[in-house]
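Notes for the one structure printed next.
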Amino acid sequence: MTTTAIQYETIIGLEVHAQLLTRSKMFCPCSASYADSSPNTHVCPICLGMPGVLPVINKRAVEMTIMTGLALNCEVPELAKFDRKNYPYPDLMKGYQISEYDQPLCTGGWLEIELDGQRKRIGITRVHLEEDTAKLIHVKSPTGETYSLVDVNRSGVPLMETVSEPDMRSPEEARAYLVKLRQILRYLDVCAGNMEEGNFRCDANISLRPMGASELGSKVEVKNMNSFRSVYRALNHEMERQRSILDDGGRIPQETRGWVDDQGVTVSQRSKEYANDYRYFPEPDLPPIVVDREWLEEIRAQMPELPDAKRARFLTAYGLSEYDVSLLTESRGLAQFFEDTVVEWRRNVSGSGVPEEIRGTENPKMVANWVLGDFSGLLNAMGLDLGDPDADHTEMKLTAANFAELLQLLQTGKISAASAKEVLKETFESGRDPKQIVEAAGLVQITASGEIAAAVERVLENNAKAADDYRGGKEEALKFLVGQVMRETRGRAKPGMVHQLLKEKLSDSP
3 MTTTAIQYET IIGLEVHAQL LTRSKMFCPC SASYADSSPN THVCPICLGM PGVLPVINKR
63 AVEMTIMTGL ALNCEVPELA KFDRKNYPYP DLMKGYQISE YDQPLCTGGW LEIELDGQRK
123 RIGITRVHLE EDTAKLIHVK SPTGETYSLV DVNRSGVPLM ETVSEPDMRS PEEARAYLVK
183 LRQILRYLDV CAGNMEEGNF RCDANISLRP MGASELGSKV EVKNMNSFRS VYRALNHEME
243 RQRSILDDGG RIPQETRGWV DDQGVTVSQR SKEYANDYRY FPEPDLPPIV VDREWLEEIR
303 AQMPELPDAK RARFLTAYGL SEYDVSLLTE SRGLAQFFED TVVEWRRNVS GSGVPEEIRG
363 TENPKMVANW VLGDFSGLLN AMGLDLGDPD ADHTEMKLTA ANFAELLQLL QTGKISAASA
423 KEVLKETFES GRDPKQIVEA AGLVQITASG EIAAAVERVL ENNAKAADDY RGGKEEALKF
483 LVGQVMRETR GRAKPGMVHQ LLKEKLSDSP
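All residue numbers for the sequence shown refer to the numbering used here, where the first residue is 3 and numbers rise by one.
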C-alpha cells in the first residue's frame, strides 16, 4: 500500500527595516551618518539612554515614512503615536525601544511585483517608524575567550519598518518584492538600500500548510540575511527543512532562526516572542502625531515620479523596447541622466542645420544604447551607483550636455565609434568638453578617400598573408584587415569606407 505525499503551500511575509537618510537621529540632534566613524563618537545622553532625558521627534523622518506609505498605496490616519517596546537586550540602551504599535503612521497598502511576465499585488500591513538599536561587536581574544563590545553610534538612527501581508508563495516572489521595495525607497531618496551595509535589513516569516488548507502553519522567523541572495537561499532552505519535518510527522515550533550563510543552514536562536511579551504601552514623553490634510498634501507634492509610472511614460515618449526601459528606469539617477541627455541633444540640434534624419525618435535609442553600454561600463568600473541616494558621485565629471554633444559628434560623422569611446572616458573622468578633446587629440574622423586609401595600401603591404587568405575565401581575414586599417588611422577612418576600399583592392589581381 502506497501513500500519496502531501503537497504543501509556502506562506511568506517580510519585515523590512530601512534606515532613513536624515541628517540627525530619531529623537536627538546626533548625526545619523555614523558608517565610517569611530565607535561611540555619535552619542549624547538621549541616545545613550541616560535617566531623565527627553526625546524630541525628528519631523523629517516622519515625513519620509509618510511619503513611503503613499508610494505603497497606504492609508495615512490623522493620528499616530509612539509606544515603548520593552525587551532586555544588551544593544538596547534604555531597556526599551521607542516604536509604534497599535497606531502606526501608515496602514493597509500594497506593492505590485512582476515575475515571469505575471503581475501580483503583495499587501502591506503597515509602515511604521522607530529607532534603531546599538550594535554589538563580537570579539575573540588571543586566549580564546569571547566577549562583546557595544557601539552606540547606531542607537537612535531613524528606522522605518515595512511589514507585508503573508501573500508571497515562493522565495522568488520574496526576492522580487525586496528588489521592488528597495527601488521605490531609493527613488524617494529615503534610504540607501544597501543590505551589505546594514541600512536595509530583512526578517522573513515562513510557514507551510497542506495545499488547499485555510489555516496558517506555525511561523518561523528567519534573521541575519545580508543580501538578496541570502534571503533567497535562506527561504529555500527553510522551506525544505520544514517540509522534511512535516513529512516525517513532526511539528514546526514557532521560533526565531538565524541564517548561517557559509553553511547554507538556519539555526535556532530563541522561541518566538508574541506582542504581549514586549509589554507595549504608550510613550509618555512624546505627543501623538497629528497628520492633517494640508501637511499630507505637502508631503505628497514632494514625491518624485515612481518606477512604474516612469516605465510607462518612457515606453510612450521614447519608443524604446520594454527591455531597454526596464534597465533605464532601474534607478532614478540613471533614468534622469538618460532624459537629461535627450533634452540636451534636442536643444543642440534645434535650428543647427543638423539633418532631419537624426532628430526625433531615433536619438533616444542611440542615447539609450550608450547609457546602457559604455556609460554604465564606466560607472561599474569606478564602483559608482547612480541609484544610491547616499553615494558620492563626484568622481563622475560627465554632464548630460557633454554626453549629448559627444553623441552628436558621432551621429554626424565627425568622430568614429572607437574615438567616441575614447572621448567618453576622458570627459567622464575630467569633465572636459568633448569638442576640445577631439580637436586636441586629432580625433576628427577621416572621410577623405585618398587618405584612407593610403592607409589601406600600407596595411595590405604589411599583411600579405591575410590578403591572400581573404582571396582564398577566408572572410574572417577581411575583419582583421579592417581592424588594422582602423589601428593605422587611430580609429579615425570611417569604417564603411575602409571596408569598401579593402574589398575593391582585394578584388584586384595581386
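Ideal Cβ positions, reconstructed from N, Cα and C, are used throughout, including at glycine.
Going by alpha carbons, who is nearest to G389 out of Q502, R295, E332, N371? Here residue 389 refers to the residue found at position 387 when the sequence shown is read from its first residue. Ranking Q502, R295, E332, N371 by Cα distance to G389 puts E332 first.
Answer with buried or exposed for T43, where buried requires no fewer than 16 other C-beta atoms within 10 angstroms of its C-beta. Indexing the sequence shown from 1 puts residue 43 at position 41. Around the beta-carbon of T43, fewer than 16 other beta-carbon atoms lie within 10 Å, marking it exposed.
Coil, strand or helix - V345 by DSSP: Against the sequence shown, residue 345 aligns to sequence position 343. Helix.
In whole angstroms, what is the alpha-carbon distance linking G146 and H140? Numbered from 1 along the sequence shown, position 144 holds the residue referred to as residue 146. Numbered from 1 along the sequence shown, position 138 holds the residue referred to as residue 140. The straight-line gap from Cα to Cα measures roughly 12 Å.
Consult DSSP for G15 and reduce its assignment to one of helix, strand or coil. As a first step, residue 15 must be located in the sequence shown, where it is residue number 13. G15 falls in the strand class under three-state DSSP.
Boundaries (first-last residue) of the alpha helix (DSSP H) holding T268: Within the sequence shown, the letter at position 266 stands for residue 268. Segment 267-273 is the beta strand (DSSP E) holding T268; no alpha helix (DSSP H) there.
What are the boundary residues of the beta strand (DSSP E) that includes I59? Here residue 59 refers to the residue found at position 57 of the sequence shown. I59: not part of any beta strand (DSSP E); DSSP gives it neither H nor E.
Based on the DSSP secondary-structure assignment, which residues constitute the bridge partners of P212? Taking the first residue of the sequence shown as position 1, residue 212 is located at position 210. Bridge partners of P212: Y10.
Identify every residue that forms a DSSP beta bridge with F283. Position 281 of the sequence shown holds residue 283. As a beta-bridge residue in DSSP terms, F283 pairs with R86.
CA-CA distance, M46 and C32? Residue mapping note: residue 46 aligns to position 44 of the sequence shown, counting from 1. Residue mapping note: residue 32 aligns to position 30 of the sequence shown, counting from 1. According to the sequence as given, residue 46 is Cys; it is not Met. Roughly 7 Å between the two C-alpha positions.
Between the segment 336-351 and the segment 401-419, are three or more C-beta pairs nearer than 8 Å? yes
Per the contact definition of three or more C-beta pairs closer than 8 Å, is the segment 201-209 in contact with the segment 316-324? no
Let's see if you can read the secondary structure: which residues bound the beta strand (DSSP E) around Q410? Mapped onto the sequence shown, residue 410 falls at position 408. First-last for Q410: 402-413, but that is the alpha helix (DSSP H), not the beta strand (DSSP E).
Check the DSSP bridge columns for H140 and list the partner residues they point to. Counted from its first residue, the sequence shown places residue 140 at position 138. The partner list for H140 (beta bridge, DSSP) reads S150.
Sub-9 Å separation of L330 and A319 beta-carbons: The residue given as residue 330 occupies position 328 in the sequence shown. The residue given as residue 319 occupies position 317 in the sequence shown. Cβ atoms of L330 and A319: not closer than 9 Å.
Nearest candidate by alpha-carbon position, reference P173, set G158, Y234, P309: As a first step, residue 173 is located in the sequence shown; it is residue number 171 there, counting from the start. If we check each option's Cα against that of P173, Y234 comes out closest.
Quick check on the burial criterion: 16 or more other C-beta atoms within 10 angstroms. Buried or exposed for F283? The sequence position of residue 283 within the sequence shown is 281, counting from 1. When all chains shown are included, F283 counts as exposed.
Use the C-beta contact count for T396: other C-beta atoms within 10 angstroms, 16 or more gives buried, fewer gives exposed. Here residue 396 is taken as the residue at index 394 of the sequence shown, counted from 1. With fewer than 16 Cβ atoms within 10 Å of its Cβ, T396 is classed as exposed.
Inspect the beta-carbon positions of D85 and I68 and report whether they are closer than 9 Å. Taking the first residue of the sequence shown as 1, we reach residue 85 at position 83. Taking the first residue of the sequence shown as 1, we reach residue 68 at position 66. No, these two residues do not count as a Cβ contact at 9 Å.
Please determine, among L426, I126, M227, the residue with the shortest C-alpha to C-alpha distance to A73. As a first step, residue 73 must be located in the sequence shown, where it is residue number 71. Among L426, I126, M227, the Cα nearest to that of A73 belongs to I126.
Would V446 pass as a contact of V425 if the rule is Cβ separation under 9 Å? Your numbering for residue 446 matches position 444 in the sequence shown. Your numbering for residue 425 matches position 423 in the sequence shown. Cβ atoms of V446 and V425: not closer than 9 Å.
Which residues mark the beginning and the end of the beta strand (DSSP E) in which E240 is found? As a working note, residue 240 is residue 238 in the sequence shown. Premise fails: E240 lies in the alpha helix (DSSP H), 230-249, not in any beta strand (DSSP E).
Extent of the continuous alpha helix (DSSP H) to which L380 belongs: Start at 1 with the first residue of the sequence shown, and residue 380 comes out as number 378. From DSSP, the alpha helix (DSSP H) with L380 extends over 378-383.
Quick one: is I124 buried, meaning 16 or more other Cβ sit within 10 Å of its Cβ, or exposed? On the sequence shown, position 122 is the one that residue 124 refers to. Classification for I124: buried.
State the start and end residues of the unbroken alpha helix (DSSP H) segment that holds K427. Here residue 427 refers to the residue found at position 425 when the sequence shown is read from its first residue. Per DSSP, K427 belongs to the alpha helix (DSSP H) from 419-432.
Given a cut-off of 9 Å on the beta-carbon distance, is the pair I14 and R171 in contact? To locate residue 14, count along the sequence shown from 1; it is residue 12. To locate residue 171, count along the sequence shown from 1; it is residue 169. Contact flag set, yes.
Between H130 and L107, which are expected to be in contact by the criterion C-beta below 8 Å, what is the C-beta distance as a whole number of angstroms? As a working note, residue 130 is residue 128 in the sequence shown. As a working note, residue 107 is residue 105 in the sequence shown. Yes, they are in contact, since the Cβ atoms of H130 and L107 sit about 6 Å apart, within 8 Å.
Express the C-alpha separation of D394 and R25 in angstroms, rounding to a whole number. For the purposes of this step, residue 25 is taken as the residue at position 23 of the sequence shown. For the purposes of this step, residue 394 is taken as the residue at position 392 of the sequence shown. Computed Cα separation, rounded: 16 Å.
Enumerate in chain order the residues of its own chain whose CB-to-CB distance from L381 is below 8 Å, with the five nearest sequence positions on each side excluded. Walking along the sequence shown from the start, residue 381 turns up at place 379. Within the same chain, L381 has close Cβ partners D387, L388, M398.
Simplified DSSP state of L483, which is helix, strand or coil: The residue labelled residue 483 in the question sits at position 481 within the sequence shown. It is helical.
Pick from D134, S143, V165: whose alpha carbon is nearest that of G110? Sequence index remark: in the sequence shown, residue 110 carries index 108 (1-based). Answer by Cα proximity: V165.
Measuring straight from C-alpha to C-alpha, what distance separates I301 and R281? Numbered from 1 along the sequence shown, position 299 holds the residue referred to as residue 301. Numbered from 1 along the sequence shown, position 279 holds the residue referred to as residue 281. Going by the C-alpha atoms only, they are around 33 Å apart.
If distances are taken between C-alpha atoms only, which option among M384, D263, N465 comes closest to E431? Residue numbering aside, residue 431 sits at position 429 when the sequence shown is read from its first letter. It is M384.
State the Cα-Cα distance for the pair A303 and M197, rounded to the nearest angstrom. Taking the sequence shown and counting its residues from 1, one reaches residue 303 at position 301. Taking the sequence shown and counting its residues from 1, one reaches residue 197 at position 195. C-alpha separation (whole angstroms): 29 Å.
What are the boundary residues of the alpha helix (DSSP H) that Q438 is part of? Taking the sequence shown and counting its residues from 1, one reaches residue 438 at position 436. That run of the alpha helix (DSSP H) goes 436-443.
Considering Cα atoms alone, identify which of E65, S35, V55 is closest to L298. Residue numbering aside, residue 298 sits at position 296 when the sequence shown is read from its first letter. Per the C-alpha coordinates, the member of E65, S35, V55 positioned closest to L298 is E65.
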